[in-house]
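Colleague:
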């Protein structure tokens, strides 16, 4: 069982059947949720009766990998969409109820756009994309037109035996909301529902979760980290539950990630939130003051030369992993180009350390390799994966054959195959350590003591050692704040705060600033055009 503080223990051992866990940044929400699931299984709950829902493949991948399942049976860890599609694949009645005679393929973006265009031609109705997606207000006439368009789109989908990603979730979830007979067995099967990142729930997903009236429901999230309204997420749901007396509320305040000055800056910049759901994070870790530097933006999506020069000066003083975070992709490009011009090595995606750790974990686990690759797939590749009926237990050669057009997958698979071949010819533990270190798979600061020649045990020991390292090797990452949700770095530099691209004039941007601040463990530097509360 995980080492838990008192707040976490109250969450893990509560017997309430409706629990809302409001978990501040860095307070160990994932560990807490996994500990609760582990506790239930250890006490005799059938893992097959537990459904854990997430919003990203990466989150599902991480939670499943952290769950201990010695008995070989584990709960379902799935994204909402993957769960909905799995029901269509396994149950003809679900397909039939949604108007299909066989399992439909998931339409990629090209087919979805073609269907939308054909529906407009057939009906003679033309609405903007924002109005079709519910991002712009509709008149009564436009609302009626939209209903006609959607019916036409669904007829075209059924004729082509395809379903869009959005309609997949809407269709299946509506069956649960209506307590349709075809899903009654699933409503009975899943006695425990867990939802991660609950602030990212949309109304359809919330109604789906609420349909499990006789199940134990546990949701965890943080309204201060609601930054995905552009995807349809509705943070008003978690705010509503925070005031609902029928739900047992728990707040996790203790931050395991950041220093006290960073926590205080985060708290001062979360005062826009209502006390019912706001979490003031705290820690016992002392640290350096947060640096807030004046910054004058020169235009939307542009980082000024003065700011870039200052960033370059600051990163030269920092040690450990550093993230330079901005609001937009164009600003990422601006910072990256400047660093390249000044011969500063940096990454824009996975850090080398994470790649090496995943390669080590994949040496004796095809399943881990497939999960790792799928967690980084874009939307269309993920569609292809689930509509092909794959699971992470599928043969790795079949998986690689079907995704041979993915350069990253092929690159890492080639590396993995070489390592597996070379390891197969090594018999002594000392030789294995020498090989892995010479392949840069073992950090220089990790001492490895060999007590046997069991190759698999040695690799497992190395993985545990890397995961327990307190000081990761130095690396610089450049990205948007959205790209680092759920991650942490020794140092964080936030650029362009309060500028043209990042005005602190709405709740979501204020939340985005909070998320950026709370990625930092030791050092936080903010270039801001606006006076911040923490300044």
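In the working numbering, the protein residues as written are 29 to 563.
Where a beta carbon is used, it is the ideal one built from N, C-alpha and C, also for glycine.
1) Looking at C-alpha atoms only, which residue of 38, 277 and 90 is the closest neighbour of residue 382?
2) Where residue 552 and residue 298 are concerned, what is the direct C-alpha to C-alpha distance, given to the nearest angstrom?
3) Who pairs with residue 556 in a beta bridge, going by DSSP?
4) Looking only at DSSP bridge pairs, what is residue 349 linked to?
5) Can you give me the C-alpha to C-alpha distance between residue 536 and residue 228, rounded to a whole angstrom?
6) Does DSSP put residue 375 in a helix, a strand or coil?
7) Please go through the same chain and pick out, in chain order, the residues whose beta-carbon is closer than 8 Å to the beta-carbon of residue 542, but skip the five residues on each side of it.
8) Here's a check: name, in chain order, each residue in its chain whose Cβ is nearer than 6 Å to the Cβ of residue 75, leaving out the five neighbours to either side.
9) Going by DSSP in three states, residue 201 sits in which element: helix, strand or coil?
10) Using DSSP's beta-bridge definition, name the partner residues of residue 517.
11) Should residue 179 be labelled buried (16 or more other beta-carbon atoms within 10 Å of its own) or exposed?
12) Residue 246 and residue 67 - do their beta-carbons sit closer together than 9 Å?
13) Using DSSP with H/G/I as helix, E/B as strand and the rest coil, what is residue 29?
14) What is the DSSP secondary structure of residue 48, reduced to helix, strand or coil?
15) Go to residue 278, then tell me how far its beta strand (DSSP E) extends in each direction, as first and last residue.
16) Within 10 angstroms of its Cβ, does residue 307 collect 16 or more other Cβ (buried), or is it exposed?
17) Which ranges would you report for the alpha helix (DSSP H) in the region 144-192 if only whole runs of at least 4 residues count?
18) Between which two residues does the alpha helix (DSSP H) harbouring residue 464 extend?
19) Would DSSP call residue 81 helix, strand or coil?
20) Take every Cβ of the region 224-242, pair it with every Cβ of the region 253-271, and state whether three or more of those distances are shorter than 8 Å.
21) Bridge partners of residue 305, per DSSP?
22) Does the count of Cβ pairs from the region 269-277 and the region 41-50 closer than 8 Å reach three?
23) Which two residues bound the contiguous alpha helix (DSSP H) that contains residue 283?
24) CB-CB under 6 Å to residue 60, same chain, minus the five flanking residues each way: which ones, in chain order?
25) For residue 124, count neighbouring C-beta atoms within 10 Å of its own C-beta (all shown protein chains included) and say buried if the count is 16 or more, exposed if not.
26) Only counting the same chain, and skipping five residues up and downstream in sequence, which positions put a Cβ closer than 7 Å to that of residue 324?
27) In terms of residues, what are the limits of the alpha helix (DSSP H) holding residue 213?
28) Express the C-alpha separation of residue 219 and residue 242 in angstroms, rounding to a whole number.
29) For residue 544, count neighbouring Cβ atoms within 10 angstroms of its own Cβ and tell me buried if that reaches 16, exposed if not.
30) Under three-state DSSP, which class holds residue 107?
31) So, using beta-carbon positions, are residue 204 and residue 215 closer together than 9 Å?
32) Express the C-alpha separation of residue 58 and residue 547 in angstroms, rounding to a whole number.
Modeller: According to the structure shown:
1) 90
2) 16 Å
3) 322 and 525
4) 503
5) 12 Å
6) strand
7) 53, 252, 253, 294, 297 and 298
8) 69, 101, 102 and 103
9) helix
10) 548
11) exposed
12) no
13) Confidence is the limiting factor: at residue 29 the pLDDT is only 47, short of 50, which leaves the residue's position unreliable and the question unanswerable from this model.
14) strand
15) 276-280
16) buried
17) 157-160 and 168-188
18) 457-466
19) strand
20) yes
21) For residue 305, which the question treats as bridged, DSSP gives no partner whatsoever.
22) yes
23) Run containing residue 283: none; DSSP gives neither H nor E here.
24) 36 and 39
25) exposed
26) 332 and 557
27) 212-217
28) 7 Å
29) buried
30) strand
31) yes
32) 16 Å
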